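Novice: Quick one: the structure is below, and I'll ask about it shortly.
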Amino acid sequence: MLSVAIGAFFGAITRFWISEHLTKGTWLVNSSGSFLLGVVITTSPNLLAIGFCGSFTTFSTFSVEVITLWQQNKKQALCYVAFTTILSIIACLVGLLIKP
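So this is what it looks like as structure tokens:
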């Protein structure tokens, strides 16, 4: 349990920093977190997979962004959902394929 907490601490801090400094922060953390999860899921399930990736990626922020986009531009919202979902799945698959 301690390893999950340590991983979550660093994942949340990293996500916060990226979200504050990069325009497409949510997209970046969700796709890179999916990639990392694919790489580490079998080698470090507690510290990195559950702890770091679990707090690094953010579905709730993604959901709010989709709703906000939907209210402004429905087509852009649908593209964002499709692009983020497909890219995250591909990133996870690539991570699984290159894992140690």
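Residues in the sequence shown are numbered from 1 upward in steps of one, following the UniProt record's numbering.
Virtual Cβ for every residue (Gly too), placed ideally from N, Cα, C.
Please read all numbers here as calculations on a predicted model, not as lab measurements.
#1: In or out: I67 buried (at least 16 other Cβ within 10 Å) or exposed?
#2: Express the C-alpha separation of S60 and I89 in angstroms, rounding to a whole number.
#3: G11 and F56 - do their beta-carbons sit closer together than 8 Å?
#4: Which of helix, strand or coil does DSSP assign to I41?
#5: By Cβ distance below 6 Å, which residues in the same chain neighbour A8 in space, the five residues on each side in sequence not counted?
Specialist: Result, derived from the coordinates:
#1: Label assigned to I67: exposed.
#2: Distance between the alpha carbons of I89 and S60: 18 Å.
#3: For F56 and G11, yes; Cβs fall inside 8 Å.
#4: If DSSP states are grouped into helix, strand and coil, I41 belongs with coil.
#5: Same-chain partners within the cutoff: G51 and S55.
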